[in-house]
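Participant:
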Amino acid sequence: MAASPRTIPDNLEFKDLERFAASVKRPFIEAFGASSVDLVPPAQPDAESGDPLARASAHLSPVLDESNRRLVIPLTQEGRLVCLLSLWGVKDVPALAGHTPPFLPALAQVVIELVKVKIRLETDPVTGFHNEAALEQCLAVSLGTHIPRKGRERPTLEAEQPSTGICLMALKPLSMEHIRESYGRRFGDLVLKQVAALVEDYAADSECLAQESGVFYILSNKGVPWARSLAREIMAAVKTVKLSTPDGGWWQGGLVAGAAAWDARLWRGGAYSSEAAAVLKARSLRALKSAGEERMTDVLFFGEIVDRAGRIKQVMPMGQVLIGLGRAHGLSEGERFRIMQDQKGPGEDSAKAELVVISLGEDESLAEVQAVLDASQPIAARDRLMRLGPESLAADQAAEQVISLAGHQVRVVRDQGTGLPGHASFLAMYRALCAEAEPFAAGLIRLEGLEGMREICGQVGVETLVSGLAEQVAKDLPPKTLIGRFAPDTLGVLMAGGGAAELRDSLETALANAAEFVERPLRAGVAGCPTDGFRPEQVLDNAGKALVHAGFLESGSSISFDEVSLNVSGDALFAQGRIAEAVVEYEKALAMNPVDAFVLNSLGVCFGHLGQMDQAVEYFKRAQDAEPEDFMAYYNLGYAFMSQGKMNQAAGQLEKGLELNPDHGDSLFQLGRLAQSAGRLNSAVEYYRQAARQDDCPSAVHRSLGEALAAGGHNEEAEQAFKQAVKHNSNDAAALSSLAGLYLDRSANLEIALSLAKRARELEPRAARHIRVTARALNALDHAEEAIQLLHKGRKAHPDDPFLAVLLGQVLAGLERAVEARDAFTQALALEPNLESARKGLADLTIIEEEAS
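If you want my numbering, it's the 1-based position in the sequence shown plus 445.
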């Protein structure tokens, strides 16, 4: 059963104030001169507690903590505590002692009303989700925090392969326009509310839920697999909805879904997060539109449109067709497709013909039939397209003839928007140069941020900018240099008879002179032929790798292909989880420079991730020999030794690396782990604290610090460490569970403890630890029966866990169900004969029974 749809709240909750934390904090910082303000959920009320938060929750009035120069202010709404403000470093502490400023109640009320107004301005009144303006702000903020760094980050052995990434899903109820037209706005709103309730049920922990014009948006940062799974769950749930229409019929629930994923490799706009947001939203809507046109029952991602949703739109004279794909869908000029029958019968070959894209448009393109495969089946509108690989393009294009180049006849087709040779023509010219045994150079110039600019300013302005850039660049290039349209945001340059260094110098001058004209980031990559170890056909690919390399440098940079370019290419493949392909790139780089410590280290990391740890160790040692002052090889070798169980050798390598880089957070963290595993808690705590002070602090360091402090009996400090862990990573299930356990140990914040434990179980549903903590919290809040049911389920899932049995016995004993409790304790001892808590439980039951008799 779906939850009730959200409405604009009259009664605020803590999460509402947290959403507008900056607006809440600012008035109090200015009024009290505070150095910082924390928003804290309501604490367990205790008028006699030494904790100012507990006292403020009990009295619903400000509490001054003079020793820490802290003022705790409760924010209430109609007598109900909503939030606690903890103001640190307040001025004039003596003047505040025993005195509440007369303006404080009015200030608190104004802040509450301000939050309510902001919520209304950013909330869809039908569903209670964010509206379009709030969605765009969420997108810009989320993407702004994921701007790729310009500095290169080396792969490290302990790093897990990334499973997260920003995704925006767009979902639309089936036949929404028909619903509005046939049954009116009221029934349409009912449909939206029903769908909204289900969306919130399944996606409540997403970064943003929004609704605009009948389209639901879900923004998440958990990656494509998670988003795809979520979309399927929501679509299946909505199919179960059945609503009676005003005319006595039924609306059977259904959704169409499109999505777009974003990552650092697609960022082309520098710091233009608003443009990046526009791109992501436009992509998700294009995927939604294509999924609807194809009547798809699964979510369609933007990157899949060309492969899964291509169709013939119109059959034209002279063997040409209009297809429903264009630049906006990621299509490139020169791509080839096979035309398939829309319905394939048993045993039939469904291929009708092959075509090539000859003129690229924004949303649709012109293609030319190259080969008829089945003359008995005429090409028709709505025929399905199947994309072919690039190898078939090379076979036919080489034979096209128009102009003479390097002794070959090459047909040149001009790009409609810019008048430049299009992508296919540029490749044909490139192949003509490859066929000759003469030196040549190729370059790629990228004008960044064009996709975002296109979404905001339109296509005409973008094409004008590209053609103008080509004119500017041509002025500084040697005579007879060829310029073409390699990609929507990239120009291609070919120079016969010259080398990479000459072309690079020319492009560097050209980019500097063009910078004022375009006012957008410009970068170039160059490669030449001959280059030892590479065929002429690899020059353009090498130029592309040099262009990626240039992306880590300032705007205007022009880079010649070298071993660093290959290293960058390997790093990109590694980041995508394509380890074997990364090894190939790194080995090519090593062939160009056998003593490159950076490459040797990267190869070691790859072999470590492939499980070949002995080979990884050898590469790390070679990296140390090549560059004895490079701390990263010591760090990675230390981690490799840890993986092999060689803890003393691991510590030695980590300590040597730390001598070279005393502030390396990961080295400090791993040394803390080694100390903790050896029982040296004080040393572990010190390492963790040092790591926590570094800018590159690992996300898990605060949790590990909390665990070490708790193991040493320093529970108050451990609690603060776990809070920091949750602040840095709200999905850290272990930290959430540990914090809940500490609250339970001191019988404080029991409702918060239960909320934290439940959140940990949502993140890791099968973890026995989270089941135990949740059951403890339920029992502490007098929900013993619910705790018992949960523990029984937990025991079925974890029959070998004695601690679940002990906790079950303790809860049952508290209900005076002695027989069941004795059975649970006995089962725990059968699993762990020396478990003291189980022995004590049985002993306590015996004493109670003896006293009763």
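Ideal placement from N, C-alpha and C gives every residue a C-beta, glycine not left out.
Taking C-alpha atoms, which residue in VAL636, LEU505, LEU1226, ARG740 lies nearest to ARG685?
Facilitator: Taking the sequence shown and counting its residues from 1, the one referred to as residue 685 is at position 240. The sequence shown places Thr at residue 685, not Arg. With distances taken between Cα atoms, THR685 lies closest to VAL636.
Participant: Quick one: using the 10 Å Cβ neighbour count with 16 as the cut-off for buried, is PHE746 buried or exposed?
Facilitator: Numbered from its first residue, the sequence shown carries residue 746 at position 301. The residue is buried, with at least 16 neighbouring Cβ atoms inside 10 Å.
Participant: Just the Cα atoms here: how many angstroms apart are GLY714 and PHE979?
Facilitator: The count along the sequence shown starts at 1 and reaches residue 714 at position 269. The count along the sequence shown starts at 1 and reaches residue 979 at position 534. Confidence at GLY714 is low in this model, with a pLDDT of 42, below 50, so the placement of that residue should be treated as unreliable; the coordinate-derived value is given next. Their Cα atoms are separated by approximately 32 angstroms.
Participant: Helix, strand or coil for ASP510 per DSSP?
Facilitator: Taking the sequence shown and counting its residues from 1, one reaches residue 510 at position 65. Looking at ASP510 - three-state DSSP - the assignment turns out to be strand.
Participant: With a threshold of 16 other CB atoms inside 10 Å of the CB of PRO791, please say whether the residue is buried or exposed.
Facilitator: The residue given as residue 791 occupies position 346 in the sequence shown. Only weak support exists for where PRO791 lies, its pLDDT of 45 falling under 50; the value from the coordinates is given anyway. Around the C-beta of PRO791, fewer than 16 other C-beta atoms lie within 10 Å, and the residue is accordingly described as exposed.
Participant: Mind checking who ILE750 pairs with in its DSSP beta bridge?
Facilitator: Numbered from its first residue, the sequence shown carries residue 750 at position 305. Looking at the DSSP assignment, ILE750 forms no beta bridge with any residue, so it has no partner.
Participant: Below 6 angstroms CB to CB, which residues in the same chain sit around SER620 once its five sequence neighbours on both sides are set aside?
Facilitator: Stepping through the sequence shown from its first residue, residue 620 is reached at position 175. So the list is empty, once near-sequence residues are dropped.
Participant: For TYR662, which beta-bridge partners are listed by DSSP?
Facilitator: If you number the sequence shown from 1, residue 662 lands on position 217. DSSP lists ALA615, ALA655 as partners of TYR662.
Participant: Is ALA648 helix, strand or coil by DSSP?
Facilitator: Counting from one through the sequence shown, the residue named residue 648 turns up at place 203. The answer is helix: DSSP assigns ALA648 an H, G or I state.
Participant: Spell out the partners DSSP gives GLU799 in its beta bridges.
Facilitator: Position 354 of the sequence shown holds residue 799. In DSSP, GLU799 forms a bridge with ARG783, ALA816.
Participant: Could you tell me the boundaries of the alpha helix (DSSP H) in which THR954 lies?
Facilitator: Locating residue 954 in the sequence shown gives position 509, where the first residue counts as 1. Per DSSP, THR954 belongs to the alpha helix (DSSP H) from 945-963.
Participant: Pair every Cβ in the segment 1198-1218 with every Cβ in the segment 1231-1244, then say whether three or more of these pairs are closer than 8 angstroms.
Facilitator: yes
Participant: If the criterion is Cβ atoms closer than 8 angstroms, does the pair GLU799 and LEU770 meet it?
Facilitator: Numbered from 1 along the sequence shown, position 354 holds the residue referred to as residue 799. Numbered from 1 along the sequence shown, position 325 holds the residue referred to as residue 770. No, they are not a contact pair.
Participant: Can you give me the C-alpha to C-alpha distance between ALA1095 and ASN1081, rounded to a whole angstrom?
Facilitator: Reading the sequence shown from its first residue, position 650 is the one you call residue 1095. Reading the sequence shown from its first residue, position 636 is the one you call residue 1081. In a straight line, the C-alpha of ALA1095 is about 9 angstroms away from that of ASN1081.
Participant: Got a sec? Which residues, its chain only, sit under 7 angstroms from GLN815 by beta carbon, not counting five neighbours each side?
Facilitator: Walking along the sequence shown from the start, residue 815 turns up at place 370. Correct list, in chain order: GLU799, LEU800, VAL801, ASP841.
Participant: What do you get for LEU654, buried or exposed, if any count of 16 or more other CB atoms within 10 angstroms of its CB means buried?
Facilitator: Here residue 654 is taken as the residue at index 209 of the sequence shown, counted from 1. That one is buried.
Participant: If you count every other CB in all the chains shown that lies within 10 Å of the CB of ALA1275, and 16 or more means buried, which is it?
Facilitator: As a first step, residue 1275 must be located in the sequence shown, where it is residue number 830. When all chains shown are included, ALA1275 counts as exposed.
Participant: In angstroms, rounded to a whole number, what distance separates the CA positions of ARG1134 and ASP1140?
Facilitator: Residue 1134 sits at position 689 when you count from the first residue of the sequence shown. Residue 1140 sits at position 695 when you count from the first residue of the sequence shown. Each residue's alpha carbon lies about 12 angstroms from the other.
Participant: Could you tell me whether the segment 969-976 touches the segment 990-1004, where touching means 3 or more Cβ pairs closer than 8 angstroms?
Facilitator: yes
Participant: Taking the beta carbon of ALA648 as the centre, do at least 16 other beta carbons fall within 10 Å, making it buried, or is it exposed?
Facilitator: Indexing the sequence shown from 1 puts residue 648 at position 203. Classification for ALA648: buried.
Participant: Secondary structure at SER1005, three-state DSSP: helix, strand or coil?
Facilitator: The residue you call residue 1005 lines up with position 560 of the sequence shown. Strand at SER1005.
Participant: Let me know the secondary structure DSSP gives CYS528 once reduced to three states.
Facilitator: Translated into the one-based positions of the sequence shown, residue 528 becomes position 83. Of the three classes helix, strand and coil, the one that applies to CYS528 here is strand, per DSSP.
Participant: Can VAL482 and SER531 be called in contact, C-beta distance under 8 angstroms?
Facilitator: For the purposes of this step, residue 482 is taken as residue 37 along the sequence shown, with counting starting at 1. For the purposes of this step, residue 531 is taken as residue 86 along the sequence shown, with counting starting at 1. Contact flag set, yes.
Participant: If you draw a straight line from the C-alpha of PRO966 to the C-alpha of CYS528, how long is it?
Facilitator: What you label residue 966 is simply residue 521 of the sequence shown in a count that begins at 1. What you label residue 528 is simply residue 83 of the sequence shown in a count that begins at 1. PRO966 and CYS528: Cα-Cα distance of roughly 45 angstroms.
Participant: How big is the Cα-Cα spacing for ALA1202 and ARG673?
Facilitator: Residue 1202 sits at position 757 when you count from the first residue of the sequence shown. Residue 673 sits at position 228 when you count from the first residue of the sequence shown. Roughly 27 angstroms separates the two Cα atoms.
Participant: Along the chain, where does the beta strand (DSSP E) containing CYS974 start, and where does it finish?
Facilitator: Along the sequence shown, read from residue 1 onward, the residue named residue 974 stands at position 529. Its beta strand (DSSP E) spans residues 967-974.
Participant: What residue range does the alpha helix (DSSP H) around GLY703 cover?
Facilitator: Within the sequence shown, numbered from 1, the residue matching residue 703 stands at position 258. From DSSP, GLY703 is part of no alpha helix (DSSP H) but of the beta strand (DSSP E) over 700-707.
Participant: Taking the straight line between their C-alpha atoms, what separation do you get for GLU881 and GLY944?
Facilitator: Residue numbering aside, residue 881 sits at position 436 when the sequence shown is read from its first letter. Residue numbering aside, residue 944 sits at position 499 when the sequence shown is read from its first letter. The straight-line gap separating the alpha-carbon atoms of GLU881 and GLY944 is approximately 15 angstroms.
Participant: With PRO497 as the anchor, note down where its alpha helix (DSSP H) starts and where it stops.
Facilitator: As a first step, residue 497 is located in the sequence shown; it is residue number 52 there, counting from the start. First-last of the alpha helix (DSSP H) with PRO497: 497-504.
Participant: What residues in its chain sit with their C-beta under 8 angstroms from that of GLY942, if we drop five residues either side in the sequence?
Facilitator: Within the sequence shown, residue 942 is the residue found at index 497, counting from 1. Closer than 8 angstroms at Cβ, skipping near neighbours: GLU883, PRO884, PHE885.
Participant: Restricting to runs no shorter than 4 residues, where is the alpha helix (DSSP H) found entirely within the segment 1185-1231?
Facilitator: 1195-1208, 1213-1225
Participant: Look at the Cβ atom of ILE757, then the Cβ atom of ALA826, and state whether they are nearer than 8 angstroms.
Facilitator: Your numbering for residue 757 matches position 312 in the sequence shown. Your numbering for residue 826 matches position 381 in the sequence shown. Yes. Within cutoff.
Participant: Give the list of continuous alpha helix (DSSP H) stretches no shorter than 4 residues that lie fully inside the segment 1040-1079.
Facilitator: 1042-1054, 1058-1071
Participant: Looking at the unbroken beta strand (DSSP E) that takes in PHE871, where does it start and where does it end?
Facilitator: To locate residue 871, count along the sequence shown from 1; it is residue 426. First-last for PHE871: 868-879, but that is the alpha helix (DSSP H), not the beta strand (DSSP E).
Participant: Starting from ASP687, trace the beta strand (DSSP E) in both directions and tell me its first and last residue.
Facilitator: Taking the sequence shown and counting its residues from 1, the one referred to as residue 687 is at position 242. A small fix is needed here, since residue 687 is Lys in this sequence, not Asp. It spans 687-689 - the beta strand (DSSP E) in which LYS687 sits, taken as one unbroken run.
Participant: So, is VAL1087 buried or exposed, given that buried needs 16 or more other C-beta atoms within 10 angstroms?
Facilitator: As a working note, residue 1087 is residue 642 in the sequence shown. Before going further, note that residue 1087 is Met rather than Val in the sequence given. Classification of MET1087: buried, given that the 10 Å Cβ count is 16 or more.
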